[in-house]
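Residue numbers (the numbering used here): 5 to 134. We put the CB at the ideal spot given by N, CA and C, even for glycine. Note that the structure is a prediction, hence the values are computed from the model and not measured. These notes concern the structure reproduced below.
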């Protein structure tokens, strides 16, 4: 079962942590801005050294996605998700199903895409839950 924790971080609409111990999911979604529409951003799977490193990366990248969407003239905001883990050894279908449930928990506020450490196949597994 996914356990969600909202983090209050100035300058971001919503930052949510998610853990599912049963499947080994430790994740974060940072939604920077949805003024123009739902937020768009990739899902990065990386073996961060510290929790602070993971949060900092998600915040930095989500803000960058807001700027990219605006510069491209898209009716979208910016976000980023991270999965804390080694993409070479920690990937399982159950992990990505739980991540899909996390995305679904946001009720359409976040459009997920692939990024470093994730593939189209990983996103297809997530899509079964969104």
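Does the structure place the region 49-59 close enough to the region 77-87 that three or more beta carbon pairs sit under 8 Å? yes
I'd like to confirm the pairing. Which residues does DSSP put opposite residue 24 in its beta bridges? 29
Taking residue 117 as the reference, which of 96, 31, 45 has the closest Cα? 45
List the DSSP bridge partners of residue 118. 47
Starting from residue 11, follow its DSSP beta bridges and name the residues at the other end. 19
Contact set for residue 34: own chain, Cβ-Cβ below 7 Å, skip 5 residues either direction: 16, 19, 62, 63, 66, 83, 84
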